[in-house]
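Novice: Protein chains in written order, with the numbering used here: chain A, 938 to 1325; chain B, 938 to 1325. By construction, the Cβ of each residue, glycine as well, lies at the ideal position given by its N, Cα and C atoms. Only a predicted model underlies this, so the values are computations on that prediction, with no experimental measurement involved. Following this message is one structure expressed as structure tokens.
Written out as structure tokens, the structure is:
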């Protein structure tokens, strides 16, 4: 069989389904064709819906120096595109591919309609400009996904029918993989958009709740980034990343850690004088109020302990449950350090903000009493590294 | 060529990439094999990660009556599975497929190790139990994705080498498509999960904000479902669905329409006596407070008008901008009717709830003054149909 690389290419095509990068897929195909089938050059124009045209996605071989990538586009109304959209190639030549020599011979056919002949002349002129001897379209349903332009074989011979059939099949496989990759990318973008929607809305609502507590502007955002920074520090120390689930739970828990303050009366949150014991106890309810608000949301299960326990203390003197040492979930120990540092470093009704250095010293001196020593150490290290 | 259906199957395999249902993909392949290649039966066992086994996904042909679908599983430690996981088929027979006759002949090979022989005997016994003469595995990277079991050819002849090679290739294509479908499904589920996370968290926070306004328990949820019901009613009347973007924007806007109440002092929201003009004006600020809270979130752009304008009136006497008639965005006109109906139908500090029928009459009598007549009409129709 003339095509000894067929098996190899078939296998490659099959694995392409898992390459979710359209440009890379096309690059793989074009590179294989040029190198293994020994063609002088190959170029692929991919449909760009947004710009209503076909953009040169990749070009390989000697033409590359002549065609500057990303500059070349073929308009959706171009003769070449319209030729393939209309399916003229199949009706004239019995196959999807358009081959220069074959088409030139057809021009001499006396039964060819004048209009068709005129179109074909335009199309062949375009192909010659691009130094191509064959052009292979690929379709998805009714849509022309792209066209592949092929240069001459390096040995100067004509393309065999079986070579062309094989290129058509390979090109079709790649185009399907490209369409699949586009769908994946779209779904991925949508997922990212939804995630951002959730995160930003939560931040906005947390900020609105904070606005009632006049002294905590921006607190939620700062605690969230500091918590994530501490977690990354722990991962670096242990030389082992947390799984993405933990990081997401921590992210959400830090965003929502003070959400229960919505259930604390405004006059207590904004009181300038010292709080009574009763008022202080009302404030201490906020972690459990948060838990009660969010309990029905099963997706937040993994974050709940961070919200509930971020005021527990390592020595057991915290609230709501007076948990001690290792009983306190990691997610809460992290938020606790981040939350306390930011609180010290911000103005409060009853005192001005501590300067950063003094707040850091406070964390150090409370390590092992208020804070888990491992977490406090990590916090101190990332401070030293200038990450806070 | 013996395999005249090859082209057809190749095309089918290529299009499979867009079938995002693993079971359907396997069903298509098995049906094609049995019908076109005239095999007595074919069955596919697909890897089920959660249950650590291989589940019979589809069975076609005469064996179907004997193997009850979804009851049959092959354990991950079964001899047949371990045989293919170890790659023994390739090392013994030079190809992935295991063919009964070929393997039986191999048993007579004197150089075959005793241990290997023993394993092979077990495997062949399993195949005979399932009346299969060939078994084709499919892999993705190191993982055994599934195995395909084939019955005899109906004409009683042996499988040709090229038939087997072709089945191996087709099975491999289908398995890749199945893996792809699984990835799609996973991404889809994640998207749904994120959406639910957003919706549920927003509902929970809206409910917490409502809790400050003691008379509006469950208001947000009811307004949201009523708004969506009205939109569906409009779509039915116009015989044209809204695009999913509009429905999502309406959904989010109804969830968040009263979020600005977080900026209204508690004592005003909960006042039992008549409000002063100043207090009433504070309440009228809530749509703009909501807009200011959510303005930074570009994903909420399409919902913003619903939040801002849900207290505008058709006659121009509403707030914040005194918009009139068609100036009021559709999204806001819908929420306005839903919000007002639910408010009338709930207890308020200064009056008990109106019975449903009276509240409906109020909407009717305020149509063209407070409410856009088209929306009010649609609301009245869905009431008549018992959808409210």
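1) May I ask you to list the residues that DSSP assigns as paired with residue 1080(A)?
2) May I ask which residues mark the beginning and end of the alpha helix (DSSP H) holding residue 1267(A)?
3) Count the other CB atoms within 10 Å of the CB of residue 1149(B); is the residue buried (16 or more) or exposed (fewer)?
4) Measure from the alpha carbon of residue 977(B) to the alpha carbon of each residue in 998(B), 1263(B), 1112(B), then state which is nearest.
5) Which residues in the same chain have their Cβ closer than 8 Å to the Cβ of residue 1291(B), if we skip the five residues on either side of it in sequence?
6) Can you give me the C-alpha to C-alpha distance between residue 1124(B) and residue 1020(A), rounded to a whole angstrom?
7) Are the CB atoms of residue 1112(B) and residue 1081(B) within a distance shorter than 7 Å?
8) Quick one: which chain A residues come within Cβ less than 9 Å of residue 910(B)?
9) Looking at C-alpha atoms only, which residue of 989(B), 1032(B), 1077(B) is the closest neighbour of residue 952(A)?
10) Name the residue from 1068(A), 1030(A), 1079(A), 1075(A) whose alpha carbon lies nearest to the alpha carbon of residue 1057(A).
11) Whole-angstrom Cβ separation of residue 965(A) and residue 979(A), contact assumed at under 8 Å?
12) Is the beta carbon of residue 1117(A) sitting closer than 7 Å to the one on residue 1265(B)?
13) When the cut-off is 7 Å and only beta carbons count, does residue 973(A) lie next to chain B?
14) For residue 1027(A), which residues from the same chain have a beta carbon less than 7 Å from its beta carbon, with the 5 sequence-adjacent residues on both sides left out?
15) As an exercise, report each continuous alpha helix (DSSP H) stretch of at least 4 residues that is fully enclosed by the stretch 1162-1221 of chain B, in chain order.
16) What residues from chain A crowd round residue 1018(B), counting only those whose CB sits closer than 8 Å?
17) List the residues of chain A whose Cβ lies closer than 8 Å to the Cβ of residue 1233(B), in chain order.
18) Output the boundary residues of the beta strand (DSSP E) element that contains residue 1012(A).
19) Using DSSP bridges, identify the partner residues of residue 1031(B).
20) CB residue 982(B) to CB residue 963(B), shorter than 7 Å?
21) For residue 959(A), collect the residues of the same chain with a Cβ closer than 8 Å to its Cβ; drop the 5 residues on either side in sequence, then sort them by chain order.
22) Of all the options 1135(B), 1024(B), 992(B), which has the alpha carbon lying nearest to the alpha carbon of residue 1086(B)?
23) Enumerate in chain order the residues of its own chain whose CB-to-CB distance from residue 1192(A) is below 8 Å, with the five nearest sequence positions on each side excluded.
24) Just how far apart, CA to CA, sit residue 1311(B) and residue 1221(B)?
25) In three-state DSSP terms, what is residue 1015(A)?
26) Below 8 Å on the Cβ atoms is my contact criterion, and I expect residue 1190(B) with residue 1243(B) to pass it. Report the Cβ-Cβ distance as a whole number of Å.
27) Residue 1101(B): beta carbon under 6 Å from a heavy atom of the ligand HEM?
28) Looking only at its own chain, which residues have a Cβ that is under 6 Å from the Cβ of residue 1270(B), when we skip the five neighbours before and after it?
29) Taking Cβ-Cβ distances below 9 Å as the criterion, which residues of the stretch 1197-1208 of chain A are in contact with chain B?
30) Excluding the 5 residues flanking residue 1061(B) on each side, which residues of the same chain have their C-beta closer than 6 Å to its C-beta?
31) The alpha helix (DSSP H) that contains residue 1109(B), what's its start and end?
32) Would you tell me roughly how many angstroms separate the C-alpha atoms of residue 1084(A) and residue 985(B), rounded to the nearest one?
33) Please decide whether residue 1132(B) counts as near chain A, where near means a Cβ-Cβ distance under 7 Å.
34) State yes or no: is the C-beta of residue 990(A) within less than 7 Å of the C-beta of residue 1013(A)?
35) Applying the criterion that 16 or more other CB atoms from any shown protein chain within 10 Å of the CB defines a buried residue, is residue 1224(A) buried or exposed?
36) How about residue 1113(A): is its C-beta nearer than 7 Å to some C-beta of chain B?
Specialist: On the basis of the supplied data:
1) 1077(A)
2) 1267-1281
3) buried
4) 998(B)
5) 1281, 1282, 1299
6) 38 Å
7) no
8) Lying before the first or after the last residue shown, residue 910(B) is absent from chain B, which here runs from 938 to 1325.
9) 1077(B)
10) 1030(A)
11) Wrong, their Cβ atoms sit about 12 Å apart, outside the cutoff.
12) no
13) no
14) 1033
15) 1181-1193, 1203-1206, 1214-1221
16) By Cβ distance, chain A contributes nothing, its closest Cβ being about 23 Å from residue 1018(B), past 8 Å.
17) 1137, 1141
18) 1010-1012
19) Answer is none; residue 1031(B) lacks a bridge partner.
20) no
21) 983, 994, 1115, 1118, 1119, 1122
22) 992(B)
23) 1136, 1139, 1140, 1143, 1157, 1161
24) 26 Å
25) coil
26) 3 Å
27) Inclusion of the ligand HEM in the displayed structure is not the case, the ligand content being empty and no account of it being possible.
28) 1309, 1312
29) 1197, 1199, 1200, 1202, 1203, 1204
30) 1040
31) 1098-1149
32) 40 Å
33) yes
34) yes
35) buried
36) yes
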